[in-house]
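J.: Structure below; questions to follow.
Numbering (the UniProt record's numbering), first residue to last: 1 to 624.
What follows is the structure, given as structure tokens:
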């Protein structure tokens with residue numbers, strides 16, 4: 001086999017023959033001359049450069065769409081990092097005479113495909129056009145038949161057509177169907193006629209930026225849900241008026257700059273997720289766009305970390321055209337997500353999300369919740385400052401509410417100093433309490449790694465732990481955020497006292513595990529709370545004496561009513577028994593319920609086929 005490499009840079013316009021032929025060491029002078037003469041004869045078939053595309057006029061490609069009306073698709077938003085490359089590729093195709101401007105009714109979007117060498121392949125998404133195209137049934141050769149036809153061959157030639165699809169002409173009336181749009185214009189593959197008239201129209205106005213849109217329209221969306229009665233409430237009226245005001249109010253936004261780093265703030269709540277895309281220009285963060293989305297019923301059951309991660313994934317996907325192909329800064333108020341891409345052995349949904357995010361180049365930074373109000377507001381339900389419901393809720397659940405240390409006990413109430421002293425003596429709580437007293441910033445995993453597993457579990461709850469008068473509490477909120485509960489972080493030395501009062505006392509009532517657990521959680525929280533409650537109830541002597549041992553009830557005998565012989569029969573197998581001379585080890589016992597007539601049939605085994613055969617032969621064939 002001889003490889004002939006024709007380099008484009010070694011061709012000239014006057015002589016399209018390569019000046020240098022490589023890998024011809026195995027040929028003698030006569031063979032070299034023959035190769036040169038062959039290339040000289042067919043020099044017009046060689047491409048001199050990447051822009052030199054041939055043309056086949058032996059046939060013209062037809063796009064038969066029948067009577068189907070034209071399909072117009074809007075352009076997809078391109079990543080900012082790819083816009084210049086798209087413009088360059090389009091210009092090259094125009095300069096090479098492959099495409100030209102179009103003003104027809106057809107339009108398809110483009111798709112950029114990354115090659116193995118890192119370059120970009122310019123493609124057009126013709127799936128909608130393909131769906132309405134009437135296809136011919138001309139058969140393509142089977143690959144196995146083609147390989148069989150090569151049997152006995154010794155010399156093989158490989159010819160690669162330069163942009164082969166661009167070399168086949170299209171029928172003039174079908175060229176407009178190949179039109180594609182990049183967002184900067186409409187182009188179609190080369191045609192051979194001109195247009196004398198161009199029609200223009202106004203582009204429709206589209207609302208792009210409405211801050212907190214999903215939360216505003218949520219009451220209206222509920223009216224359109226399946227199995228939902230249409231009931232126009234006061235909440236719907238407020239939502240409708242807020243939406244009208246949002247549509248006529250101009251948001252203060254700025255245009256994105258390609259020379260500045262993008263900043264993405266994300267947050268999540270029980271109602272929805274939100275994000276703010278911005279850039280730091282000077283000393284100010286300028287907002288570029290907002291994003292918000294209501295959570296579905298299954299998503300509201302996610303844990304806090306999963307909700308925050310969902311907000312990151314959905315926000316990055318929404319701003320893909322800004323963030324793809326460039327490094328950006330991701331800000332979140334959930335400190336554990338700083339190690340998002342370092343999760344060990346993620347599974348299921350988390351693994352799929354992390355794999356999706358690995359396509360992007362970003363750095364995660366933690367921003368305190370007090371400084372994260374922009375994205376936080378987008379994920380929560382908006383309300384006016386004068387709203388009495390919010391005011392009452394803030395008074396009831398806010399951090400400024402006076403929280404005293406109270407317990408369900410007939411003994412003396414614990415003072416704050418007693419609780420503080422007991423916590424400092426608890427090895428699981430002391431590291432968390434000391435760090436809370438020194439700073440509100442969550443300690444890093446490296447700082448907390450040497451501590452006990454219980455301390456690490458408290459560290460995971462850092463954002464919900466708060467200090468009031470030196471006493472550590474856990475703030476618990478219901479899924480719908482309608483109720484809030486402050487739970488005292490209980491040191492280990494006080495656990496038995498609390499369980500004794502919540503379960504064993506007269507007010508406790510020796511309730512079961514779930515009621516005792518619910519009653520305890522109303523005021524207290526500690527590590528492994530559920531396990532301690534279950535153990536306490538299980539080992540309670542009063543509860544055990546009252547319940548008594550478990551009895552296993554046997555099934556009752558049943559009476560069957562029969563009215564005629566052979567209406568119902570019973571069968572059973574007796575054995576195994578000693579093997580008889582005929583090889584039988586079991587006895588098939590049959591009996592009629594009405595007459596009590598028995599039959600005993602010897603059988604060699606208990607196989608279903610053997611039992612069925614003997615049942616038919618010895619019973620059904622005789623008695624029916």
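All residues carry an ideal CB built from backbone N, CA and C; glycine is no exception.
Can you pull the DSSP bridge partners for residue 486?
T.: 475
J.: Please classify residue 259: does DSSP put it in a helix, a strand, or coil?
T.: coil
J.: Measure the C-alpha to C-alpha separation of residue 519 and residue 486 and round it to an integer number of angstroms.
T.: When rounded, the distance between both Cα atoms is 13 Å.
J.: Using the beta-carbon count (16 or more within 10 Å), is residue 617 buried or exposed?
T.: exposed
J.: Indicate the three-state DSSP secondary structure (helix, strand or coil) for residue 351 in the structure shown.
T.: helix
J.: So, is residue 123 buried or exposed, given that buried needs 16 or more other C-beta atoms within 10 angstroms?
T.: exposed
J.: Is the number of C-beta pairs between the stretch 348–366 and the stretch 108–118 that are closer than 8 Å three or more?
T.: Proximity of the stretch 348–366 to the stretch 108–118 falls short of the contact definition, fewer than three beta-carbon pairs being nearer than 8 Å.
J.: What is the DSSP secondary structure of residue 303, counted as helix, strand or coil?
T.: In the three-state reduction of the DSSP assignment, residue 303 falls in the coil class, being assigned neither a helical nor a strand state.
J.: Around the C-beta of residue 303, are 16 or more other C-beta atoms found within 10 angstroms, so that it is buried, or is it exposed?
T.: exposed
J.: Would you mind stating whether residue 263 and residue 319 have Cβ atoms separated by less than 8 Å?
T.: no
J.: Can you tell me where the beta strand (DSSP E) holding residue 123 begins and where it ends?
T.: From DSSP, the beta strand (DSSP E) with residue 123 extends over 120–124.
J.: Excluding sequence positions up to five away, which residues of its chain have a Cβ less than 8 Å from the Cβ of residue 527?
T.: 428, 454, 457 and 458
J.: Would you mind sorting residue 272 into buried or exposed? The rule is 16 or more other CB atoms within 10 Å of its CB.
T.: buried
J.: Classify residue 320 as helix, strand or coil using the three-state DSSP reduction.
T.: helix
J.: Taking residue 296 as the reference, give the member of 347, 433, 581 and 268 with the closest Cα.
T.: 268
J.: On the three-state DSSP scale, how would you describe residue 197?
T.: Unreliable positioning characterises residue 197 in this predicted model, as indicated by a pLDDT of 30, which lies under 50. A coordinate reading is not provided.
J.: Quick check on the burial criterion: 16 or more other C-beta atoms within 10 angstroms. Buried or exposed for residue 502?
T.: buried
J.: Apply the 10 Å Cβ neighbour rule to residue 494 and answer buried if 16 or more other Cβ atoms are within range, or exposed otherwise.
T.: buried
J.: Identify, in the order they occur along the chain, each residue of the same chain with its Cβ nearer than 7 Å to the Cβ of residue 174, setting aside the five sequence neighbours on each side.
T.: 62 and 63
J.: Secondary structure at residue 623, three-state DSSP: helix, strand or coil?
T.: helix
J.: Considering Cα atoms alone, identify which of 607, 564, 301 and 474 is closest to residue 594.
T.: It is 564.
J.: Return the first residue and the last residue of the alpha helix (DSSP H) that residue 537 is part of.
T.: Going by DSSP, residue 537 is part of the alpha helix (DSSP H) stretching over 529–538.
J.: With DSSP run on the structure shown, which of helix, strand or coil describes residue 74?
T.: Note: residue 74 maps to coil in three-state DSSP.
J.: Taking a contact to mean a Cβ-Cβ separation below 8 Å, would you say residue 574 touches residue 587 in this structure?
T.: yes
J.: Leaving aside the five residues before and after residue 407 along the sequence, list all residues of the same chain whose C-beta is less than 6 Å from its C-beta, in chain order.
T.: Confidence in residue 407 is poor, its pLDDT being 42 and thus under 50, which makes the residue's placement unreliable; the coordinate value appears in the next sentence. So the list is empty, once near-sequence residues are dropped.
J.: Would you please state the rounded distance, in angstroms, between the beta carbons of residue 111 and residue 125? I believe it to be under 8 Å.
T.: 5 Å
J.: Of the choices 91, 462 and 75, whose alpha-carbon is the least far from that of residue 109?
T.: 75
J.: Across which residues does DSSP place residue 569 in a beta bridge pair?
T.: Paired residue(s): 592.
J.: Would you check if the distance between the CB atom of residue 533 and the CB atom of residue 499 is smaller than 8 Å?
T.: Cβ atoms of residue 533 and residue 499: closer than 8 Å.
J.: DSSP puts residue 267 in a beta bridge; with which residues?
T.: As DSSP reads the structure, residue 267 sits in a beta bridge with 274.
J.: Report yes or no: do the stretch 82–96 and the stretch 27–41 share at least 3 C-beta pairs separated by less than 8 Å?
T.: no
J.: Express the C-alpha separation of residue 430 and residue 522 in angstroms, rounding to a whole number.
T.: 23 Å
J.: Taking only three categories from DSSP, how would you classify residue 9?
T.: Caution applies to residue 9, whose pLDDT of 40 falls short of 50 and renders its modelled position unreliable; the model cannot decide the point.
J.: DSSP state of residue 459, grouped into three classes?
T.: helix
J.: What is the DSSP secondary structure of residue 117, reduced to helix, strand or coil?
T.: Coil.
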